[in-house]
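Numbering (the working numbering), first residue to last: 691 to 1291.
Backbone N, C-alpha and C define an ideal beta-carbon position, used for all residues, glycine too.
If you're wondering where the values come from, they're calculated on a predicted model, not measured in any experiment.
Note sheet for the following structure.
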C-alpha cells in the first residue's frame, strides 16, 4: 500500500509571465506516514536564464528563502547546496556566480505530526526588503512549464551529494517520496514580427521582448496577407507561398529577403550546429534545463525556421564521467536524429562539444555513431580525435570564448583534411571576429586572447571560413548565432560539402542575405593570384543597413554606408601580392553578417 508522506503539495502562483517577479510559496501538509524522527527535505529549483537561485546570503537578493513550520516544537535549518562545488554554499565558497547553487536543503528535527504544515517561501519579500524571485525570460514553447522538485529523505545523512543526475560512478540519491511541482511560464505580448523566407515557404513569428514566440491565435489582427497563415505547434504562422507579400498592422517587422537561387543555382539554408540539450553537465547543474534533443530539433524546425541543426552536448571522454554525455543521453540523441531528419525538409546531425588544451570544439557526425565510438578515454587532445576519426565523414568547428591552455601563438590545425574548414566567430558569448569589434563584442567577464580571433588566423595564412552558432544552454536554439550555407539541395552531404568549401557565412541571428564573390567565385574559394581582381558584394538585410566593411588580409580596407536594406558593389583591385578578403555587414540594430574569406594566392 502506498504510504502517505504528504496530504497536499501546493504552490502559489502556478502561472507566471516571463521576466516578472513573484514570491513563490510551496506549502506541504504532512501525512500520517511522514517520519517523526529527524528528516530532510530537498527543494530542487529551476535555474534557466534569468531565474533567481534560492538564496540565503542576503535578504536583498532575488530568490531569498524563508521556511515556516507550523509546529513550534520542530527545529529546522535551511542551507543551499551547490552542485558545482559539491558542497553547501557559504559566504566564502560558491560556484561561479552561484550558478550551481539552485537546491535548498531543509533539515528538520524530530516531532513532525500529521497535518503539520511546512511552507518554503522562495523570493521572500520580507515586507518590502526582498525583491522576490525573478522569473526566467526563456519560454521555449507555448505550453512550457518550469518545475520545482520536492524530495523527501528520512535521514539527514541522505540527499547530498547531488549533481542533478546519475552518471557512471555516481547514483543520484533516491528519496522515499518525490513530487514535481510545475508552474507555467507565459511569453509576453508581441513586440516585433519576424518574417522568414525559406526556399519552399514563408514563416511569420510574433516575438515578445525576449524573442520568445508570443501567444497569438490568429494572424489577421497583426498582419495583412493575401492568404491566411497556418499556425504551427510553436505559434509560428506558415504560408505555402514563399513569395507572399506580408505587411504588419502596427508592430515593427523584420523581413528576410528570398533565399533561393542566390548564386549559380545555390540556395541559402540556415542552421545552428552548436547547441546543448538537457544532457550537458552545465545545463543540468546550472540551468536544470529540460529540453531533450528531440525538443530542440522540433523547435529548430518549427520555432526558429532553421533548415538544419546539430545537438552538441558536452562530452569529454578523457575526463571524469560527470562530463560525459552518458550512454542513455547519446542513445536519445541518435533516436531524435533518426526521427526528425529528412532530406529536403529538415536535417539533424548528432555531435558533441569536446574540450582539451586547445580549447572547445564542436564535432559533427554525418553518420549515427554508437556510444562506444565516441567514449574513448584516449581522446586527450583534438589531434587524437582527428586521428581516430580519420576517413570518417565529420566536421570539427572550434570556438574561442574558452581560449584553451596552449601557449600564445600556438594552435593545432587540421585544415587540409577538410575536417576543420571553419571557425565559429560568433555565438551567445559575443563576436570573436577581431579584437577591435564594437557591436556585440564579448562582455568583460569573458576570457580573451589576441590569438583567438578570426582575423588572427587570416594573418597566419590559414584557410578558415567563418560561421556562427548559438552555443545555447538555455533551452532555445537558432538564436544568438546562425550559419548560412550555400548549397544546391537540402541534404546532409551537400550541407557538409558546403562547409568544407567554406561556402558559409555567419550572422548574429538576422537573416541577412550576403554574397561575396571574387572573380566570379563564391566566398571560401582559393583562387589564382591574378593581377586584376574583381570583388562583388551583394547584400540585403532584414533591417536597414548601417555599414558594410571590407577587410584585406585581416585588416580594415574600406567602409561603405548604404541607404536602405540593399547594397551592391563591384570593386576592382589591381595588385600582384597575394591577399585575402572578407566582408562584415552591420544593420542599424547592430545585427551583423560575416562572410567567409576569399583568397588570391
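Rounded to whole angstroms, the gap between the alpha carbons of residue 1114 and residue 1087 is 6 Å.
For residue 1030, the secondary structure class from DSSP, reduced to helix, strand or coil, is helix.
Cβ neighbours of residue 1171 within its own chain (closer than 6 Å, five residues either side excluded): 1116, 1117, 1158, 1159 and 1160. Within 10 angstroms of the beta-carbon of residue 1055 lie 16 or more other beta-carbons, which makes it buried. Annotation for residue 991: no alpha helix (DSSP H) segment contains it, and DSSP assigns it neither H nor E. DSSP places residue 767 in the strand class (E or B) of the three-state scheme. One Cα belongs to residue 1153, the other to residue 902, and the distance between them is close to 37 Å.
Cβ neighbours of residue 1015 within its own chain (closer than 6 Å, five residues either side excluded): 969, 1003 and 1005. With respect to the C-alpha of residue 810, the residue from 928, 889, 867 and 717 having the closest C-alpha is 717. Residue 1228: member of the beta strand (DSSP E) spanning 1222-1230, first to last residue. In terms of CA proximity to residue 836, 736 leads the group 754, 736 and 1080.
A distance below 6 Å between beta-carbons, with the five flanking residues on each side excluded, links residue 1069 to the following residues of its chain, in chain order: 1007, 1008 and 1075.
Excluding the 5 residues flanking it on each side, residue 722 has same chain C-beta neighbours closer than 6 Å at 694 and 804, in chain order.
Judged by beta-carbon spacing, residue 772 lies within the 8 Å limit of residue 790, meaning their Cβ atoms are closer than that value. With respect to the C-alpha of residue 1261, the residue from 1222, 996 and 1091 having the closest C-alpha is 1222. Using a Cβ distance threshold of 8 Å, residue 1111 and residue 1048 do not count as a contacting pair. Beta-bridge partners assigned by DSSP to residue 936: 915. In this structure, residue 1164 places its C-beta atom within 8 Å of the C-beta atom of residue 738. Secondary structure note for residue 1190: its alpha helix (DSSP H) is the uninterrupted segment 1182-1190.
Taking one beta carbon from each stretch, the segment 974-986 and the segment 1178-1188 have fewer than 3 pairs nearer than 8 Å; the two do not touch. Less than 8 Å separates the beta-carbon of residue 826 from that of residue 740.
If you draw a straight line from the Cα of residue 743 to the Cα of residue 1064, it is about 34 Å long.
It is roughly 12 Å from the alpha-carbon of residue 950 to the alpha-carbon of residue 960. In the three-state reduction of the DSSP assignment, residue 747 falls in the coil class. Within 10 angstroms of the beta-carbon of residue 1010 lie fewer than 16 other beta-carbons, which makes it exposed.
Under DSSP, residue 836 takes part in a beta bridge, and its partners are 873. Straight-line measurement puts the Cα of residue 1144 at about 36 Å from the Cα of residue 853. According to DSSP, residue 1203 shares a beta bridge with 1230.
Closest in alpha carbon position to residue 1198, among 747, 796, 764 and 1281, is 1281. Fully enclosed beta strand (DSSP E) runs of no fewer than 3 residues occupy 943-945 and 957-962 of the segment 940-969, in order along the chain.
Rounded to the nearest whole angstrom, the CA to CA distance from residue 899 to residue 859 is 43 Å.
About 5 Å separates the CB atoms of residue 761 and residue 806; that is less than 8 Å, so the two are in contact.
The C-beta of residue 908 has fewer than 16 other C-beta atoms within 10 Å across all chains shown, which makes the residue exposed. In the DSSP assignment, residue 731 falls within the unbroken beta strand (DSSP E) covering 729-734. In the three-state DSSP reduction, residue 921 falls in the strand class (E or B). Pairing residue 1021 with residue 1225, the inter-Cα distance amounts to about 47 Å.
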